[in-house]
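Here's the structure, in structure tokens; my notes come after.
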Amino acid sequence: MFAKAFRVKSNTAIKGSDRRKLRADVTTAFPTLGTDQVSELVPGKEELNIVKLYAYKGDAVTVYVSGGNPILFELEKNLYPTVYTLWSYPDLLPTFTTWPLVLEKLVGGADLMLPGLVMPPAGLPQVQKGDLCAISLVGNRAPVAIGVAAMSTAEMLTSGLKGRGFSVLHTYQDHLCPEGRQLDIKKSSYKKLSKFLQQMQQEQIIQVKELSKGVESIVAVDWKHPRITSFVIPEPSPTSQTIQEGSREQPYHPPDIKPLYCVPASMTLLFQESGHKKGSFLEGSEVRTIIINYAKKNDLVDADNKNLVKLDPILCDCILEKNEQHIVMKLPWDSLLTRCLEKLQPAYQVTFPGQEPIVKKGKICPIDITLAQRASNKKVTVVRNLEAYGLDPYSVAAILQQRCQASTTVTSAPGAKDSLQVQIQGNQVHHLGWLLLEEYQLPRKHIQGLEKAPKPGKKK
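As numbered in the working numbering, residues 137 to 596 make up the sequence shown, in order.
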């Protein structure tokens, strides 16, 4: 909504009666806020302005500005908090997490798609379609966007986390954010803005240039600078800590991963008698039962040899190649079942503890460990696909950095949309394998590259 510049219609100081009404509206809209918190958000005597504006799409929006910062905005008689407000009250809304690379797209006006969600160990927050939600980034609980859920949590899981998840209304760094003032220089040790900018530039946090005579502008910000990345909001109160423990602080438990089969259009005639249609998902044992029942019901079991099954026209069309159509008349049970499974489309089901199963087509990509050469012929260990198993690449990188005593970085995985990879200096496959197999208890069959660990006596 605020991805592009808006037009301000009016900016007036709030009246006493309107201030009282706003407090009442906040109490109604956000019942989890206590009386003292509402008084902090809508102060009794401090400056509070009402800014009426038109968003770039023509929507009429009312913004409430306190101390120079936008704290709330109203659209079609619905009240919404800004990211500034959520930084002070991070538990005000149910919070969903995404990857840092997604923020740029959200700021540009994109909605949050479900494949971009990060599945926490305790599962997704429970919401209904139309609920207001906050969006934060991995590694930082401070919300960076607010949006409206496009479907319920149950529907998100049923969809296999595909499609549009949230209609984003407002983000950090959008055009509503510049309306706020994050720092009162006069109350700081710098006293003057020029001194503050000079110091920030000396620390290489920002780059300032005089684009026009007498007017200096910030032309670049190093968002990865330690002074910025180390900034965190205060820890939550004991009450909010209890809430957060349910979603963020529980230990990791591996998901249950089950292979499935999906019925393609070419196999529908074979499965329709059992009540399954195109796109139905089945376990291997279910496929076996359906095939056995089909053969017996249609009297296809060979009378002279019970180990053979006669092929009727439907079985011929479903499992035989074209050059076999008039040659193969019977098949052994094991060959028949094997061919049926090969003709079905692969799929899988992922179930995280306490959550509804997520079903997806295709085969789940294993966690991929590779070795690569970097500058000066130095080896690095690279691991991909952690997200599919509910693992946070940033957390894994932090653990490996400490245990391996080696530098780690998290970057975008080449050729993979919204996926990250962890890079560790040196051959650290042994440490990585121990972490994944022993601590996280992931099955070995879902990890490839463990054989690349250095052999005893060889230099890493």
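Even glycine gets a Cβ: it sits at the ideal position worked out from N, Cα and C.
Straight-line CA distance for Glu212 to Asp392? 44 Å
(request) Would you tell me roughly how many angstroms separate the C-alpha atoms of Pro88 and His566, rounded to the nearest one? (result) In the structure as shown, the chain starts at 137 and stops at 596, and residue 88 therefore has no counterpart that could be examined.
Practice prompt. Classify Pro395 as buried or exposed, calling it buried when 16 or more other Cβ atoms lie within 10 Å of its own Cβ.
Written response: exposed
>> Quick check for students: name the residue ranges of the alpha helix (DSSP H) that lie wholly in the region 443 to 473, counting only runs of 4 or more.
In response: 449 to 455
Under 7 Å between C-beta atoms of Ile560 and Thr517 | yes
| said: Within a Cβ cutoff of 7 Å, which residues of the same chain sit near Gly415, ignoring the five residues on either side of it in sequence? | reply: Cys398 and Val399
- Message: Under 8 Å: do the region 285 to 303 and the region 505 to 523 share three or more Cβ pairs, one atom per stretch?
- Response: no
Item to check | Contact check, Ser272 vs Thr233, beta carbons under 7 Å | outcome: yes
### Task
Round the Cβ separation of Glu183 and Gly203 to the nearest angstrom and send it over; I've been treating them as touching at under 8 Å.
6 Å
Q. In angstroms, rounded to a whole number, what distance separates the CA positions of Gln564 and Ala589?
A. 7 Å
Open item on the list: With three or more beta-carbon pairs closer than 8 Å as the criterion, would you say the region 266 to 280 touches the region 209 to 227?
Closed with: yes
With DSSP as the reference, label Ile503 as helix, strand or coil.
strand
Asn443 versus Met465: straight-line alpha-carbon distance, rounded:
14 Å
ask   = Mind pulling the beta strand (DSSP E) runs of 3 or more residues that sit fully within the region 157 to 221?
value = 184 to 190, 196 to 202, 205 to 211 and 214 to 217
Open item on the list: Any contact between the region 332 to 350 and the region 163 to 176? By contact I mean 3 or more CB pairs, one from each, below 8 Å.
Closed with: no
Buried or exposed for Gly152, please, with buried defined as at least 16 other CB atoms from any protein chain shown within 10 angstroms of its CB. exposed
Q) According to DSSP, is Asp154 helix, strand or coil? A) helix
Buried or exposed by the 16-neighbour rule on C-beta atoms within 10 Å, applied to Ala270: buried
Given a cut-off of 7 Å, decide if Tyr192 and Lys140 are closer than it, judged by their beta-carbon atoms.
-> yes
Leu556 to Lys479 span [Cα, whole Å]: 33 Å
**Message:** Just to confirm the assignment: which complete alpha helix (DSSP H) runs, minimum length 4, are found wholly within the region 217 to 253?
**Reply:** 219 to 224 and 236 to 243
Discussion item. Tell me the residue span of the beta strand (DSSP E) that contains Ala285.
Written reply: Asn276 to Ala285
Practice problem: Helix, strand or coil for Gln377, going by three-state DSSP, please let me know. | Solution: For Gln377, the pLDDT reaches just 37, beneath the cut-off of 50, and the residue's location in the model is therefore unreliable, although a value from the coordinates is still provided. Gln377 falls in the helix class under three-state DSSP.
query: With a Cβ-Cβ cutoff of 7 Å, do Leu312 and Phe488 count as a contact?
result: no
Minimum C-alpha distance to Leu472 - residue among Val486, Tyr388, Ile426 and Ser353: Ile426
To the nearest angstrom, report how far apart Val558 and Ser543 are at their CA atoms. 11 Å
Secondary structure, alpha helix (DSSP H): runs of 4+ residues fully inside the region 531 to 594:
565 to 570
Quick check: the Cα distance between Glu492 and Asn147, rounded to an integer number of angstroms? 48 Å
* Regarding Cys313 and the ligand ADP, is the C-beta to nearest heavy atom distance less than 6 Å? -> No copy of the ligand ADP appears in this structure; indeed no ligand is present at all.
Helix, strand or coil for Arg520 per DSSP?
strand
Might you give, ordered along the chain, the residues of its own chain that have their beta carbon closer than 8 Å to the beta carbon of Ile500, omitting 5 neighbours on each side? Ile393, Tyr484, Val486, Ala524 and His582
Notebook entry, point to check: Across which residues does DSSP place Gln485 in a beta bridge pair?
Noted result: Lys394 and Val495
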